[in-house]
Amino acid sequence: MPEEKPLSVLFVCLGNICRSPMAEGVFRSLTNNLPSSSSSPHKAFGTIDSAGTGAYHALDPPDSRTLAVLAKHGVDDYEHAARKVRTSDFSDFDYIFAMDSQNLSDLNNLRRRLVRAQPDADATLAKAMLFGKFGGRSEHEDVEDPYYGGKSGFDTVYEQMVRFSKGFLAHVEQHRGGE
Ligand code: 4NP
Numbered sequence: 011m012p013e014e015k016p017l018s019v020l021f022v023c024l025g026n027i028c029r030s031p032m033a034e035g036v037f038r039s040l041t042n043n044l045p046s047s048s049s050s051p052h053k054a055f056g057t058i059d060s061a062g063t064g065a066y067h068a069l070d071p072p073d074s075r076t077l078a079v080l081a082k083h084g085v086d087d088y089e090h091a092a093r094k095v096r097t098s099d100f101s102d103f104d105y106i107f108a109m110d111s112q113n114l115s116d117l118n119n120l121r122r123r124l125v126r127a128q129p130d131a132d133a134t135l136a137k138a139m140l141f142g143k144f145g146g147r148s149e150h151e152d153v154e155d156p157y158y159g160g161k162s163g164f165d166t167v168y169e170q171m172v173r174f175s176k177g178f179l180a181h182v183e184q185h186r187g188g189e
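Under the numbering used here, the first residue of the sequence shown is numbered 11, with each subsequent residue one higher.
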């Protein structure tokens with residue numbers, strides 16, 4: 011059977027310093043895609059990245075509370091510089107996962123503008139979706155923004171990212187013939 015093309019995944023929140031870097035760190039860890047990984051990266055995945063719908067924190071590292079929770083769970087070598095979502099993300103990524111319904115709505119508006127300018131692109135551009143749909147609880151499970159809250163909010167985000175990632179990985183395996 012021919013090798014299938016690796017899938018690329020982009021995680022999106024508002025600032026790209028709390029939730030989407032948590033998602034990226036967890037997902038990289040679950041797919042052995044961190045610099046420290048001793049085993050080879052998960053064959054099914056290529057580029058894994060994260061971005062924000064806002065540019066307030068462009069080039070900033072992840073929030074220290076996100077990094078602390080990741081480190082507590084053994085992910086201590088994840089690095090990222092925040093960036094804003096760009097229109098090319100819709101052609102560069104297979105999956106674009108929004109952390110909450112506002113992020114999803116912003117991504118859908120951006121995509122609509124792209125399609126209006128270039129109707130032929132509709133079939134080829136990635137469609138954004140809520141990452142929470144893979145969490146097994148509700149199609150509409152949002153990841154609440156933990157930025158202005160206490161540290162426990164970051165533990166909640168971590169738990170969601172692990173659950174959603176595992177649900178998504180199970181979905182991919184099911185649709186890729188269980189590789
Ligand atoms: P994030 O959290 O979207 O999970 O990265 C936020 C971080 C910063 C801001 C908003 C949300 N902010 O407005 O600065």
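Note that CB positions come from ideal geometry on N, CA and C, so glycine has one too.
According to DSSP, residue pairing for Tyr105 in a beta bridge involves Val19. Bounds of the beta strand (DSSP E) holding Gly62 are 55-62. A direct Cα-to-Cα measurement between Leu120 and Lys143 gives close to 21 Å.
Of the candidates Ala108, Ala78, Asp59, Arg93, Ala108 places its Cα closest to the Cα of Glu149.
By the C-beta criterion, the region 92-99 is judged not to be in contact with the region 35-55, since fewer than 3 inter-stretch pairs fall below 8 Å. The distance from the Cβ of Asp104 to that of Leu17 is about 5 Å, consistent with a contact at the 8 Å cut-off.
The ligand 4NP approaches Asn26 closely enough that one of its heavy atoms is under 7 Å from the residue's Cβ.
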